[in-house]
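First the structure, in the form of structure tokens, and then the observations on it.
2 protein chains.
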Amino acid sequence: MTRENGGAGATDPAEDCAGSARRGRPRSEAAEQAIFDAAIGLLEGGTPLTEVSIEKIARTAGVGKATIYRRWPGKEELFVDLLRSVEPPDPVLPGDSVRGDLVVLMESIRRRGLAKRNSALLHNVFSQMQAYPKLWDTYHQVVIEPRRLLGLDLVRRGMALGEIRDDLDVELVNDLFTGPLLLRTVIRPGATLEPDLAERVVDAVLEGLRPRD
Amino acid sequence: MTRENGGAGATDPAEDCAGSARRGRPRSEAAEQAIFDAAIGLLEGGTPLTEVSIEKIARTAGVGKATIYRRWPGKEELFVDLLRSVEPPDPVLPGDSVRGDLVVLMESIRRRGLAKRNSALLHNVFSQMQAYPKLWDTYHQVVIEPRRLLGLDLVRRGMALGEIRDDLDVELVNDLFTGPLLLRTVIRPGATLEPDLAERVVDAVLEGLRPRD
Numbered sequence: 070m071t072r073e074n075g076g077a078g079a080t081d082p083a084e085d086c087a088g089s090a091r092r093g094r095p096r097s098e099a100a101e102q103a104i105f106d107a108a109i110g111l112l113e114g115g116t117p118l119t120e121v122s123i124e125k126i127a128r129t130a131g132v133g134k135a136t137i138y139r140r141w142p143g144k145e146e147l148f149v150d151l152l153r154s155v156e157p158p159d160p161v162l163p164g165d166s167v168r169g170d171l172v173v174l175m176e177s178i179r180r181r182g183l184a185k186r187n188s189a190l191l192h193n194v195f196s197q198m199q200a201y202p203k204l205w206d207t208y209h210q211v212v213i214e215p216r217r218l219l220g221l222d223l224v225r226r227g228m229a230l231g232e233i234r235d236d237l238d239v240e241l242v243n244d245l246f247t248g249p250l251l252l253r254t255v256i257r258p259g260a261t262l263e264p265d266l267a268e269r270v271v272d273a274v275l276e277g278l279r280p281r282d
Numbered sequence: 070m071t072r073e074n075g076g077a078g079a080t081d082p083a084e085d086c087a088g089s090a091r092r093g094r095p096r097s098e099a100a101e102q103a104i105f106d107a108a109i110g111l112l113e114g115g116t117p118l119t120e121v122s123i124e125k126i127a128r129t130a131g132v133g134k135a136t137i138y139r140r141w142p143g144k145e146e147l148f149v150d151l152l153r154s155v156e157p158p159d160p161v162l163p164g165d166s167v168r169g170d171l172v173v174l175m176e177s178i179r180r181r182g183l184a185k186r187n188s189a190l191l192h193n194v195f196s197q198m199q200a201y202p203k204l205w206d207t208y209h210q211v212v213i214e215p216r217r218l219l220g221l222d223l224v225r226r227g228m229a230l231g232e233i234r235d236d237l238d239v240e241l242v243n244d245l246f247t248g249p250l251l252l253r254t255v256i257r258p259g260a261t262l263e264p265d266l267a268e269r270v271v272d273a274v275l276e277g278l279r280p281r282d
């Protein structure tokens, strides 16, 4: 939970960090939900992402534009928060073994892929996102990059503990694990996402594909 | 080369397979190029992909709509051919070793990624393609799926020859090689595409990431 101050009488935390992203710290959850519902309604009604303006959202939600701008600096940040409210949350790594943490991290990618397939909203927004560079950049910066750094840290830990070869580039090693999962969840819409996919990818990459003696 | 009959006096091969895709068998290369140039001009002029109609292309190229429909059943097929004319051609596998062929196949993905970064046209069309399901489906069916089958055949050959473990799913093994390449070329626009990337991915996946003794 990032909503630390939801009460009506509480000071709006957004006031304390004017100019920053202010993500997830609305004065009132009810207002935020009404704003999200309005944006979702517009998208479901067929309005292209690029034409869903703050003005249209405010009008549909029955709030003033200032109410929206108090929460988000622009519509890209609003959409990114909307996506995060629908997507599964980021995983917490148990920290027992590097292999175990890798499986948890890859499993979170698989689950997000399933969520995207099952949510018409997520599917709609992601399919339009590549043609909307500013939203893609914001989503990348706020959501994807922190997840990627989590993976890089894990690979470094594995190298330090002797669970992963340390003669390869950290970024490359991370991509060997995440690439197959992202290929099936992001690029190939019809690919199977079996329950044990994360585990099978992690073990195959760790053990290698040369025949065993 | 799929253009077997380009001469003005030759029988139009398209007439021989009415109703089929007729890809790459125009009566005249000059007319085809004029049609491609018209489509490119419209896209470069800022017309969204979904609004580039056969009618607009015909008018811009100075040809009749029938001239276009004689070559392609619809605009999706036209766009797919246009993309193929700009993208690097599919690789020919030397067939010496499975490892060598895997490197050639992965290198072809890297080269297509570089081409996409260096071509404003490819970048433009691919960024709009996800929001245009019919074009995405056609491109997938005509271009991506045959390439994927090439990879699956190669993995099966590796298993039969004892160069690749045969206790894993063929599709999974193929995704372990292609996933990291597609992650960097399709999903993460800023990723590095070093000249030896294909080789490093193939060898790391074959050898595995467990520390060597």
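From first to last, the protein sequence lines stand for chains A and B.
In this text, residue positions in the first sequence follow this note's numbering: the first is 70, and each later residue adds one.
In this text, residue positions in the second sequence follow this note's numbering: the first is 70, and each later residue adds one.
All residues carry an ideal CB built from backbone N, CA and C; glycine is no exception.
Examine chain A for any beta-carbon lying closer than 8 Å to the beta-carbon of residue 102/B, and answer yes or no.
Numbered from 1 along the second sequence, position 33 holds the residue referred to as residue 102/B. Not one chain A Cβ lies under 8 Å of residue 102/B.
Exposed or buried, residue 259/B, counting other C-beta atoms within 10 Å across all chains shown (16 or more means buried)?
Counted from its first residue, the second sequence places residue 259/B at position 190. By the neighbour-count rule (16 or more Cβ atoms within 10 Å), residue 259/B is not buried but exposed.
Any contact between the stretch 126 to 136 of chain A and the stretch 104 to 112 of chain A? By contact I mean 3 or more CB pairs, one from each, below 8 Å.
Touching, per the Cβ criterion.
Which residues, taken in chain order from the stretch 169 to 181 of chain B, show a beta carbon closer than 9 Å to some beta carbon of chain A?
Those would be none; no residue qualifies.
Thinking C-alpha only, which one of 256/B, 274/B, 191/B, 268/B is nearest residue 169/B?
Within the second sequence, numbered from 1, the residue matching residue 169/B stands at position 100. Here the closest residue by C-alpha is 268/B.
If you run the structure through DSSP and keep just helix, strand and coil, what is residue 90/A?
On the first sequence, residue 90/A is found 21 positions in, with the first residue counted as 1. Low confidence applies to residue 90/A: its pLDDT is 43, below 50, so where it sits in the model is not reliable, and the reading given next is rough at best. Residue 90/A falls in the coil class under three-state DSSP.
Report the neighbours of residue 231/A on chain B: residues whose CB is nearer than 8 Å to its CB, in chain order.
Residue numbering aside, residue 231/A sits at position 162 when the first sequence is read from its first letter. 280, listed in chain order.
Which runs of the alpha helix (DSSP H) at least 4 residues long sit entirely within the stretch 194 to 267 of chain A? Give them in chain order.
Correct list: 202 to 208, 214 to 229, 239 to 251.
Using the three-state DSSP reduction, which class does residue 274/A fall into: helix, strand or coil?
If you number the first sequence from 1, residue 274/A lands on position 205. Residue state, collapsed to three classes: helix.
Alpha carbons only, please: which of 115/B, 158/B, 277/B, 137/B is nearest the one belonging to residue 215/B?
Taking the first residue of the second sequence as position 1, residue 215/B is located at position 146. Per the Cα distances, 158/B.
Helix, strand or coil for residue 147/A? Go by DSSP, reduced to three states.
Looking up residue 147/A in the first sequence gives position 78. Residue 147/A: helix per DSSP, three-state reduction.
State yes or no: is the beta carbon of residue 244/A nearer than 8 Å to at least one beta carbon in chain B?
Taking the first sequence and counting its residues from 1, one reaches residue 244/A at position 175. Yes, contact with chain B.
Check residue 140/A in the structure and name its three-state DSSP category.
What you label residue 140/A is simply residue 71 of the first sequence in a count that begins at 1. The answer is coil: DSSP assigns residue 140/A none of H, G, I, E or B.
Is the Cβ of residue 199/A closer than 8 Å to any Cβ of chain B?
Numbered from its first residue, the first sequence carries residue 199/A at position 130. Taking Cβ atoms only, chain B reaches closer than 8 Å to residue 199/A, which makes this a yes.
Starting from the C-beta of residue 275/B, find all residues in its chain whose C-beta is less than 6 Å away, skip the five residues before and the five after it, and write them out in chain order.
Indexing the second sequence from 1 puts residue 275/B at position 206. There are no such residues.
Examine chain A for any beta-carbon lying closer than 8 Å to the beta-carbon of residue 273/B, and answer yes or no.
Numbered from 1 along the second sequence, position 204 holds the residue referred to as residue 273/B. Interface residue, yes.
Measure the alpha-carbon distance for residue 155/A versus residue 185/A and round it to whole angstroms.
For the purposes of this step, residue 155/A is taken as the residue at position 86 of the first sequence. For the purposes of this step, residue 185/A is taken as the residue at position 116 of the first sequence. The straight-line gap from Cα to Cα measures roughly 9 Å.
Have a look at residue 273/A and residue 101/B and give me their C-alpha separation to the nearest angstrom.
For the purposes of this step, residue 273/A is taken as the residue at position 204 of the first sequence. For the purposes of this step, residue 101/B is taken as the residue at position 32 of the second sequence. Rounded to whole angstroms, residue 273/A to residue 101/B spans 47 Å at the Cα level.
What's the call for residue 183/B, buried or exposed, on a 16-neighbour Cβ count within 10 Å?
Indexing the second sequence from 1 puts residue 183/B at position 114. Under this definition residue 183/B is an exposed residue.
Can you have a look at residue 210/B and say buried or exposed, based on whether 16 or more other CB atoms are within 10 angstroms of its CB?
Taking the first residue of the second sequence as position 1, residue 210/B is located at position 141. Residue 210/B comes out exposed.
Hey, does residue 139/B have any beta-carbon neighbour from chain A nearer than 8 Å?
Within the second sequence, residue 139/B is the residue found at index 70, counting from 1. Cβ-Cβ to chain A under 8 Å: no for residue 139/B.
Which of the three DSSP states, helix, strand or coil, is assigned to residue 161/B?
Here the question's residue 161/B lines up with position 92 in the second sequence. Here residue 161/B sits in coil by DSSP.
Against residue 186/A, what residues of chain B qualify as contacts under a CB-to-CB distance less than 9 Å, listed in chain order?
As a working note, residue 186/A is residue 117 in the first sequence. Here the premise fails: no neighbours, minimum Cβ distance about 14 Å.
Where residue 219/B and residue 249/A are concerned, what is the direct C-alpha to C-alpha distance, given to the nearest angstrom?
For the purposes of this step, residue 219/B is taken as the residue at position 150 of the second sequence. For the purposes of this step, residue 249/A is taken as the residue at position 180 of the first sequence. Cα to Cα, the separation comes out at about 17 Å.
Return no unless some Cβ of chain B is closer than 8 Å to the Cβ of residue 247/A.
In the first sequence, residue 247/A corresponds to position 178, counting from 1. Yes, because at least one Cβ of chain B sits closer than 8 Å to the Cβ of residue 247/A.
Taking residue 162/B as the reference, give the member of 203/B, 200/B, 224/B with the closest Cα.
Translated into positions along the second sequence, residue 162/B becomes position 93. Cα-wise, what sits closest to residue 162/B is 224/B.
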